[in-house]
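To start, the structure itself, in structure tokens.
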Amino acid sequence: MTTEKQVLDRIERVRRRRAVVREERITLAHGSGGKATRTLIDAVFLEAFRNPLLAPLEDGATLALDGARAVFTTDAFVVSPLFFPGGDIGDLAVNGTVNDLAVCGARPLYLSAGFILEEGFPVGDLRRIVASMAAAAEAAGVSIVTGDTKVVQRGKADGCYITTAGVGVVERPITPSISAARPGDAVIVSGPIGEHGAAIMLARGELGIEADTVSDTAPLNGLVAELLDALPTQVRTLRDATRGGVATVLNEVAAASGVSVVMDEESVPVQPAVTGMCELLGIDPLYVACEGRLVAVVDGDHAERAVDIMRGHPVGAGAAIIGWVGEDPPGLVLLRTAFGGTRIVDLLVGDPLPRIC
Amino acid sequence: MCLGIPGELVGDVEEHTDLAMVDVSGVRRRINMGLLADDHLKPGDWVLVHVGFALSKISESEAKAVMDMLHGLGQAYTDEIDALKESDIS
Amino acid sequence: MRFVDEFRDADAARALAARIAARCEPGRRYKFMEVCGGHTHTIYKHGIEDYLPEAVTLVHGPGCPVCVIPMGRVDDAVHIARQPDVIMTSFGDMMRVPGGAATFLDAKAQGADIRMVYSPLDALKIARENPDRRVVFMAIGFETTAPSTAVTVLRAAEEGIDNFSVFCNHVLIIPAVKAILDSPDLRLDGFIGPGHVSTIIGCRPYEFIARDYRQPFVVAGFEPLDILHAVDLLLGQLAEGRGEVENQYARVVPWEGNRIAMEVIGTVMRVRPHFEWRGLGFISHSALEMAEEYAAFDAERIFDIPGTRIADPMACQCGEVLKGVLKPWECKVFGTACTPETPIGTCMVSSEGACAAYYNFGRFSRERVREATRA
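Protein chains in written order, with this note's numbering: chain A, 1 to 357; chain B, 358 to 447; chain C, 448 to 822.
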């Protein structure tokens, strides 16, 4: 008779198999940041573009240019609604790109901006978006130095989409990496989680829910620079938790570093309104998007110091140690629940969907 | 099978729509109270919310009775563990 | 959160766990079924099994309304959704449920207008705002959810909204429990009864279980302490040789249920002669359909529905899992051919399906997880 252990071992073997996209058409799940996205990247993009710079799937590629090292990244923004409490698609685009560069250990310098506009889109709205991009760029200390504009027929886009690219320079010998987490390291988050995702869900108005939640969109480069100045060799991994939330980032870290990550539910900071919304809709805040939250894996002996540094910074005031890195089972994220039990925190297949049961 | 969340009534029940504002941990939504017409709800009452409807009025006394029992059990257990630790002189 | 946080207290949990362990007779094993998928979700989400002694096994029952929808019904719904003037609406839970050909998400990607709603009233609002479209609400759920659908239909009738209809898939809890009890290959020692369905039907309908089957049945809440408390009460009944209906969830569940809710169900819907349950087959008098008087709101009458019947995939053992005969990992395709990404059976779709819950939250042995999470 097959034992539970044999079955579970077989499952782990199946999980390591090469990704295959089974769907004939793209579904929304492919854009969720979860398993479907990962499969699409592995089976379609990585398969076609495979090269050593792309393969690690960091938030940006680190390039050697004439002796200097630079990080190059790109991002696309299709948020709906375009304006939401705490920000708009403009500052989101700038902050998102800046953060991708920063977590690769680079000092962000230059951004590009491409606009795909729908016929009929109000110029006033575009001005508002661009003004907030300019303000966000200034706050983050970057310049938007090149761009492009396309207009598509009415109905072919949702008002305004923005694509960006970003370049930053690497000035340190050691840079953080998704695959550098080691057993004994601590996992730190720079503030309460899930506020961007919650703010967007509320702003769409479809759920009829009201709350005072605002997006957490913010540039993290200042915070990252201070952290790396103080702990240049002790910071192993940095990521900004975007779509898919903190749970998705930690799954990526566990998989890339071949370690386990254990989270302590009680120490994960979540605002009451985000908790309330998640309880009401039956979703898990660990999977809800952030746009200005740093997830840092730091040498366990220097974790308190890292938290102190973060807390001294306006965007890191709510920083907390939320877990640690272990050896076994490799590639897995576990949670010690506030209730005192344990469970696995896997990647989601698609977006967290509101549920009734 | 059915996700139900406790929420506090923070407004009056509108006569024609049966809707009333309910607060769940700082999150507010208008919820249909029609199924609880017998309960004569008023602001400050707690209800169980499911798919936009209040299904039952939460009884604070029943909640307290179970809680007191469980926490009493917890306290007794903690005291016992503490006593055990103190008595350990090895 | 009030009425939530206080029922997640770890100190009380340790005390209850100690009492549960003490109540187990040496050498005896106990198998309790939690009927409701919401309980399954709670059990895994909070890691409740970590508190239970080896002797106590929890078996996950059929109370997940998404998991029991047969594939043919999903295909029928997709067929309706593909009519050019239709907006199909349903809860998020339905989006990934596999039919014979497609899920709602697939159909949406292929062009069907399918929208997620939080409440049936939101579906009615969509109908109000789109008078030139036919808006269909794919209604799922047990008696907990049926009154909300019924009230929405009454409202539509009152307002004279004629472009709204319901594709009714509401199911009834008692016939499902009875099917489990009559299943020859199952030995249970008691039930953790569904809490939220009982706010509507009350506790009386379960009395036959105690009377005819001599099984203890404890209606329980959805916080982790509620579940431990229910296990404790079940063991207490067994120790004293009792088999009764007990209400652990009295803070929310009135013994008599909700009179108004039962009345609106009775007004708008009627019991079907029989209905197919995924994995369990046809069960008589186990589901609701729209009453004659509300035919104008009945998608099954309005649309030409193929009435698709698809046999459950041979490899899939959802039925055995739903009845608690098999543990999820004992199914032949569990975790290999059938995963949350590529579900064959519905138990793998809904996060409260027994298989998905076990796959996502419980896949590794308790000892290994315990060892790994030690600080």
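For every residue, glycine included, the Cβ atom is placed at its ideal position computed from N, Cα and C. All values reported here derive from a predicted model rather than from experimental measurement.
- Nearest to B:Ile-415 by alpha-carbon distance, out of B:Val-367, B:Asp-396, B:Lys-442, B:Thr-374, is B:Asp-396.
- Beta-bridge partners assigned by DSSP to C:Met-716: C:Met-737.
- For A:Leu-57, there is no enclosing beta strand (DSSP E), since its DSSP letter is neither H nor E.
- Residue pairing by DSSP places C:Met-535 opposite C:Ile-561, C:Val-583 in a beta bridge.
- In the structure shown, the three-state DSSP call for A:Cys-357 is coil.
- In this structure, the straight-line span from the alpha carbon of A:Ala-289 to that of A:Ala-29 is close to 15 Å.
- With 16 or more other Cβ atoms from the protein chains shown falling within 10 Å of its own Cβ, C:Asn-807 counts as buried.
- Of the candidates C:Tyr-498, C:Thr-487, C:Ile-527, C:Ile-757, the residue whose Cα lies closest to the Cα of C:Ala-465 is C:Tyr-498.
- Taking every protein chain shown into account, the CB of C:His-486 has 16 or more other CB atoms within 10 angstroms, so this residue is buried.
- Annotation note: the segment 94-176 of chain A contains the following uninterrupted beta strand (DSSP E) runs of length 3 or greater, listed N- to C-terminal: 107-118, 143-152, 160-170.
- If you draw a 10 Å sphere on the C-beta of B:His-373, you find fewer than 16 other C-beta atoms in it, and that means exposed.
- Contact between the segment 175-188 of chain A and the segment 235-249 of chain A is present, with at least three C-beta pairs closer than 8 Å.
- Residues of chain B with a Cβ closer than 9 Å to the Cβ of C:Ala-697 are, in chain order, Ser-416, Glu-419, Ala-420, Ala-422, Val-423.
- Here DSSP, grouped into helix, strand and coil, assigns C:Val-521 to helix.
- A residue is called buried when at least 16 other Cβ atoms come within 10 angstroms of its Cβ; A:Thr-27 meets this threshold and is buried.
- Between the segment 600-617 of chain C and the segment 412-427 of chain B, the count of Cβ pairs shorter than 8 Å is below three; the stretches do not touch.
- Taking the CA atoms as reference points, C:Val-513 sits about 11 Å from C:Met-585.
- Between the segment 719-734 of chain C and the segment 619-632 of chain C, the count of C-beta pairs closer than 8 Å reaches three or more; the two stretches touch.
- Between A:Gly-276 and C:Ile-749, the alpha-carbon positions lie close to 39 Å from each other.
- With respect to chain A, the C-beta atom of B:Ile-362 has a partner C-beta closer than 7 Å.
- For B:Leu-430, the closest Cβ of chain C is nearer than 7 Å.
- Listed in chain order, the non-local C-beta contacts of C:Ala-559 below 6 Å within the same chain comprise Ala-528, Arg-529, local neighbours out to five positions each way being set aside.
- A Cβ of chain B is located within less than 7 Å of the beta carbon of C:Pro-594.
- Not a single CB atom of chain B sits nearer than 7 Å to the CB of A:Thr-233.
- A Cβ-Cβ separation of about 19 Å leaves A:Glu-195 out of contact with A:Val-224 under the 8 Å criterion.
- Flagged as an interface residue toward chain B: A:Met-277, by a C-beta distance shorter than 7 Å.
- DSSP places A:Phe-72 inside the beta strand (DSSP E), whose first and last residues are 68-77.
- Shortest Cα-Cα distance from A:Asp-328 to any of A:Ala-320, A:Ser-260, A:Val-315 involves A:Ser-260.
- Bounds of the beta strand (DSSP E) holding C:Gly-728 are 728-731.
- Per the C-alpha coordinates, the member of C:Arg-821, C:Asp-540, C:Lys-492 positioned closest to B:Val-408 is C:Asp-540.
- Leaving aside the five residues that flank A:Ala-61 on each side, the residues in its chain whose CB is nearer than 8 Å to its CB run, in chain order, Leu-53, Leu-54, Val-71, Phe-72, Thr-73.
- Under DSSP, A:Glu-210 takes part in a beta bridge, and its partners are B:Arg-385.
- Taking 8 Å as the upper bound for CB-CB distance, A:Arg-305 and A:Leu-231 are in contact here, some 7 Å apart.
- Membership of A:Ala-296 in the beta strand (DSSP E) is indicated by the continuous run 294-298.
- Annotation: Cβ neighbours of C:Trp-776 in chain A (cutoff 8 Å, chain order): Glu-4, Val-7, Leu-8.
- For C:Pro-509, the enclosing beta strand (DSSP E) stretches over residues 503-510.
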